[in-house]
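Okay, so here's the structure we're looking at.
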Amino acid sequence: MMTKPMLNLVLIFVGAILQGIAMSIFLFPHNIPSGGAAGLAIILNHWFHIPLGFSLWIVNFAFLILALQYFGYTWTLRTMLSVTITSVTVSMITSGILSYDRIFFIDILVGSILFGIGVGLLIRNGASSGGMVIPALMIANKYQWPPGRVMLWMNFLIFLFTATVVDIRIVMYAIICQSISTNIIDFIYHFTVPSFASHSFGWRKK
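Mapping of the sequence shown onto the numbering used here: residues 148 to 353, in sequence order.
Shown next as structure tokens:
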């Protein structure tokens, strides 16, 4: 029989892979950023001419330091694992994906749903997708707010700044995606079954 820690690990793998599929197949082909960390990276690239890949690394590294201080080693290691799995998934799918006739709004809908399910599974099992999810969870923990709702407002503010750099239509589509995915994240986080309660924020500093 699978133990709870093993089940958590399996679901972290599933969540990270779903997130990678959503990003690489449905969102990235339309240049839609998956969250606020990408928006911050774009701003750093524009204002300070830092390469986009390195900008994204800087943003995520800073948030991981925060995670280590606030949530502890176990949570941070799980988050690093999920980020690695997602990155590998994106790389593998992006290099092997076949082109096809895309229906834009279907891609946005499916991508947002898969992204929300993936991140919801990660948060529920004591991890995260990195980036803006980390400070969002810190705020949600402090004020006992739904994590998805906090993510939505934080990303919304960042996307508004990003609108000074990229096409406003992309920002609008990104906000729509965030609205869908963050509602799914909150649904998964609060959904309960008798044998599988979600991680509360009691796993801090473990």
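Glycine residues also receive a C-beta, built at the ideal position from the N, C-alpha and C atoms.
Reduced DSSP category for residue i - H, G, I as helix; E, B as strand; rest coil
{"i": "Gln401", "result": "This structure leaves residue 401 out entirely; the chain is present only between 148 and 353."}
{"i": "Thr241", "result": "helix"}
{"i": "Ala274", "result": "coil"}
{"i": "Pro198", "result": "coil"}
{"i": "Pro212", "result": "According to the sequence provided, residue 212 is Ile. The question's Pro does not apply to it. Here Ile212 sits in helix by DSSP."}
{"i": "Pro293", "result": "coil"}
{"i": "Thr339", "result": "coil"}
For residue i, the first and last residue of its enclosing alpha helix (DSSP H)
{"i": "Val313", "result": "Looking at the DSSP string, Val313 is not in any alpha helix (DSSP H), and its letter there is neither H nor E."}
{"i": "Pro282", "result": "280–290"}
{"i": "Gly167", "result": "151–168"}
{"i": "Phe195", "result": "183–195"}
Neighbour-count burial assignment, residue i, 16 or more Cβ in a 10 Å radius
{"i": "Asp333", "result": "buried"}
{"i": "Tyr290", "result": "exposed"}
{"i": "Trp222", "result": "buried"}
{"i": "Thr150", "result": "exposed"}
{"i": "Phe251", "result": "exposed"}
CB contact flag (residue i, residue j, <7 Å)
{"i": "Met173", "j": "Val230", "result": "In the sequence as displayed, the identity of residue 173 is Phe instead of Met. No; because the gap between Cβ atoms is not below 7 Å, this pair is not in contact."}
{"i": "Leu89", "j": "Val206", "result": "Residue 89 falls outside the range modelled here, since the chain spans only 148 to 353, and no answer is possible."}
{"i": "Ser202", "j": "Leu191", "result": "yes"}
{"i": "Arg271", "j": "Tyr336", "result": "yes"}
{"i": "Ser259", "j": "Ser328", "result": "yes"}
Rounded straight-line distance, which links the Cα of residue j to that of residue i
{"i": "Gly267", "j": "Asn302", "result": "16 Å"}
{"i": "Trp292", "j": "Pro282", "result": "13 Å"}
{"i": "Thr311", "j": "Val318", "result": "10 Å"}
{"i": "Val297", "j": "Ile197", "result": "28 Å"}
{"i": "Ala209", "j": "Met170", "result": "22 Å"}
{"i": "Asp254", "j": "Ile168", "result": "12 Å"}
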